[in-house]
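As C-alpha cells, the structure follows; a few thoughts come after it.
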Amino acid sequence: MLRIILTQLLLFSLPFIGFAIWLFINKKAQTSENWRKGPMLWLVIAGGALVIAGLVTLTLREGLPEGQTYRPAEMRDGQFIPGRYE
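2 is the number of the first residue of the sequence shown in this note's numbering; add one for each residue after it.
This is how it looks when you write it as C-alpha cells:
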C-alpha cells in the first residue's frame, strides 16, 4: 500500500518538478515572483491527470488471472502456506 501511495505522490509532483527544472534552466528561479505567478492551476490539473492515469493503469495491470480463484494464506499442520491462485 505504501508503494502505491508513494508512486501516486511522485506522479502528482512530476509537473512541479518539471516546472522547477524549466525555471532553473532558464535562470528564472532566482526570483520568487516566478514561483508565485507560475501556472500552478495547470500544474495541479496535470498532476491530477497523471494520478488518475496511474490509478487506472494499476487497476488494469493488477487484476486477477482469468479463470482462477485466489486462495488466501493459511497455517496447516504448523506450516505456513502462502496465498496462491488455483
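We treat Cβ as the ideally placed atom computed from N, Cα and C, and that holds for glycine.
- A direct Cα-Cα distance of roughly 16 Å separates Leu12 from Leu42.
- Collapsing the DSSP output to three states places Gln9 in a helix.
- At least 9 Å separates the beta-carbon of Leu59 from that of Ile26.
- Val52 is positioned such that its CB atom lies closer than 9 Å to that of Gln9.
- Counting other Cβ atoms within 10 Å of its Cβ, Pro83 stays below 16 and is therefore classed as exposed.
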